[in-house]
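Here the structure comes first, spelled out in structure tokens, and everything after it is commentary.
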């Protein structure tokens, strides 16, 4: 697909960011280790699910975010 015909990555990124908000809320409200792991897994799955984009930079960003979501409970739980 040519660059001209590719859809914009911004709506996809906005949806992925919105789907991470409940996980962020869980992580901020509860300090219980199970809540941090739940939020980490949820955020990681959402990020990995959004990597089917044709935009390589967006995919790399989402994989980095998925790793970050899993590092938070690993370090703080």
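In our numbering, the protein residues as written are 8 to 84. Ideal placement from N, C-alpha and C gives every residue a C-beta, glycine not left out.
Whether residue i touches residue j by CB criterion (9 Å)
i          : j          : result
residue 60 : residue 19 : yes
residue 57 : residue 67 : no
residue 72 : residue 47 : no
residue 26 : residue 53 : yes
residue 30 : residue 49 : yes
residue 85 : residue 62 : Outside the shown range of the chain, which is 8 to 84, sits residue 85, and nothing can be said about it.
Anticipated Cβ contact below 8 Å, residue i with residue j, distance rounded
i          : j          : result
residue 43 : residue 79 : 6 Å
residue 40 : residue 84 : 4 Å
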